[in-house]
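Chemist: Its first residue numbered 3, the sequence shown is counted upward by one per residue in this note's numbering.
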Amino acid sequence: MATIDRQATTLALAHALSAAERGLAVIPLSRTKLPALRSPHRDDPDPDPTTPPCHGECGRFGHGVYDASSDPRRIRALFAAAPWATGYGIACGLDPHHLIGIDLDTKSGTDSSAALRELALRHLFTIPETVVVLTPSGGRHLWLTGPPDVVVPNSASRLAPGIDIRGAGGYLVGPGSRTEHGVYGTAPGTALLAPAPCPRELLRLLTPPPRTHHHTPPATGQHGQGLVQFVLAAHEGQRNTRLFWAACRAYENGIGPELTTALVEAALRTGLTEREARATIASASRMALPRPGQ
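1) Return the first residue and the last residue of the alpha helix (DSSP H) that TRP247 is part of.
2) So is CYS60 buried or exposed if we call it buried at 16+ other beta carbons inside 10 Å?
3) Does chain B have any CB closer than 8 Å to the CB of ASP113?
4) Look up LEU297 in the DSSP assignment and say whether it is helix, strand or coil.
5) May I have the straight-line CA-CA distance separating ALA170 from ARG40, to the nearest angstrom?
6) List the residues that DSSP assigns as beta-bridge partners of LEU146.
7) How long is the line joining the alpha carbons of ARG241 and ARG160, rounded to whole angstroms?
8) Quick one: what's got a C-beta closer than 7 Å to GLU267's C-beta in the same chain, skipping five residues either side?
9) Buried or exposed: ALA16, going by 16 or more other Cβ atoms within 10 Å of its Cβ?
10) Can you tell me whether DSSP reads THR272 as helix, strand or coil?
11) Is the region 143-160 in contact with the region 96-116, if contact means three or more CB pairs nearer than 8 Å?
12) Can you give the Cα-Cα distance for LEU207 and ALA162, rounded to whole angstroms?
13) Among LEU245, ARG33, HIS57, whose alpha-carbon lies nearest the alpha-carbon of ALA286?
14) Between the Cα of PRO149 and the Cα atoms of THR12, ARG280, THR263, THR209, which residue gives the shortest distance?
15) Quick one: what does DSSP say LEU126 is sitting in, helix, strand or coil?
16) Can you have a look at ALA284 and say buried or exposed, based on whether 16 or more other CB atoms are within 10 angstroms of its CB?
17) For PHE63, does the count of other Cβ atoms within 10 angstroms reach 16, so buried, or fall short, so exposed?
18) Measuring straight from C-alpha to C-alpha, what distance separates LEU13 and MET289?
19) Would ARG119 be called buried (16 or more neighbouring beta carbons within 10 Å of its own) or exposed?
20) Do you know how far the Cα of LEU174 is from the Cα of LEU26?
21) Leaving out the 5 sequence neighbours to the left and right, which residues in its chain are closer than 8 Å to LEU2 when beta-carbon positions are compared?
22) Let me check understanding here. Comparing Cα to Cα, which of TYR90, PRO177, ARG124, ILE129 lies closest to PRO138?
23) Between the region 189-196 and the region 81-95, can you find at least three pairs of beta-carbon atoms closer than 8 Å?
Here it is, written out as structure tokens:
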């Protein structure tokens, strides 16, 4: 049973409602930075692995970032259902901001801020003044906005070591949240800023390569094995992201159908369920394959 800290929950709700006033969709988080509400489907008998997972269509709470809302009444209801919540998450990729989070981590032993500066010099872009959230571990979250017609996927250290990206389907821990390791807060002078537009060259680095279509799919071979190994190397917090990235690359290179079984097996070994793995791969296929008329 989760410990209830009513003062921390009240403060988290107040901060979440304040974020909602800026058009940001939020969900309650526990001290572990995970969604505070468990899935209502966790005890469903024998789920069909070919059926996409519920993203809230059932009308109940507990669907993670898919519960996110900027409606004060819904936010209050979410927090009422999770009185142990001590923080809140801000959903990325949604209207009106289409938020993109640049997570500069300090736990990897690398200088992620220096890595970002190097990328900026190499690709000729400048990080604009924007909202910066300071993490208890000494990291920083930069808030940027993207265009409504561009989907930025989540990624971990793909851009550079120690730089994680929070995009569509991801969330950022909101300032004012209290976690096991401390409190998140905005950097001095940035709290009242609006999230700045993501520089065009940086956005290009964050988005998947253009869709390509191979009329004659090549053999899976070494490239396919490399993608499988990439998934197998995932640790908790990277599993869905790595699987999604690998599946996108597989479909873009025409080996998606042939590699699906191997990718699912690799995902199962990292701890994902078959249903989660197949849903992630299906999502990647929809993103990577050409749409009719393209």
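Cβ atoms here follow ideal geometry from the backbone N, Cα and C, with glycine treated the same way. Source: prediction; values computed, not measured.
Modeler: In short:
1) In the sequence shown, residue 247 corresponds to position 245, counting from 1. For TRP247, the enclosing alpha helix (DSSP H) begins and ends at 241-254.
2) The residue labelled residue 60 in the question sits at position 58 within the sequence shown. Here CYS60 is exposed: its Cβ has fewer than 16 other Cβ atoms, across all protein chains shown, within 10 Å.
3) The structure shown contains no chain B, having only a single protein chain.
4) Since the first residue shown for the chain is 3 and the last is 296, residue 297 is missing from the structure and cannot be characterised.
5) Translated into positions along the sequence shown, residue 170 becomes position 168. Translated into positions along the sequence shown, residue 40 becomes position 38. One C-alpha to the other measures close to 21 Å.
6) Residue numbering aside, residue 146 sits at position 144 when the sequence shown is read from its first letter. Bridge partners of LEU146: ILE102, ALA198.
7) Position 239 of the sequence shown, counting from 1, holds the residue named residue 241. Position 158 of the sequence shown, counting from 1, holds the residue named residue 160. Whole-angstrom Cα-Cα distance: 13 Å.
8) If you number the sequence shown from 1, residue 267 lands on position 265. There are no such residues.
9) Position 14 of the sequence shown, counted from the start, is the residue given in the question as residue 16. Exposed.
10) To locate residue 272, count along the sequence shown from 1; it is residue 270. Helix at THR272.
11) yes
12) Taking the sequence shown and counting its residues from 1, the one referred to as residue 207 is at position 205. Taking the sequence shown and counting its residues from 1, the one referred to as residue 162 is at position 160. If I take the Cα positions, the gap works out to 11 Å.
13) If you number the sequence shown from 1, residue 286 lands on position 284. Among LEU245, ARG33, HIS57, the Cα nearest to that of ALA286 belongs to LEU245.
14) Translated into the one-based positions of the sequence shown, residue 149 becomes position 147. The option with the nearest alpha carbon to PRO149 is THR209.
15) For the purposes of this step, residue 126 is taken as residue 124 along the sequence shown, with counting starting at 1. In the structure shown, LEU126 sits in coil (DSSP, three-state: anything other than H, G, I, E or B).
16) Locating residue 284 in the sequence shown gives position 282, where the first residue counts as 1. The residue in question, ALA284, is exposed, as its Cβ has fewer than 16 Cβ neighbours within 10 Å.
17) Working through the sequence shown from its first residue, we reach residue 63 at position 61. Result: buried.
18) Numbered from its first residue, the sequence shown carries residue 13 at position 11. Numbered from its first residue, the sequence shown carries residue 289 at position 287. Looking at the two C-alpha atoms, the distance is approximately 39 Å.
19) Within the sequence shown, residue 119 is the residue found at index 117, counting from 1. With fewer than 16 other Cβ atoms within 10 Å, it is exposed.
20) Against the sequence shown, residue 26 aligns to sequence position 24. Against the sequence shown, residue 174 aligns to sequence position 172. Spanning the two alpha carbons is a distance of roughly 11 Å.
21) There is simply no residue 2 to check, as the chain begins at 3 and stops at 296 in what is shown.
22) Translated into the one-based positions of the sequence shown, residue 138 becomes position 136. Comparing Cα positions, the closest option is PRO177.
23) no
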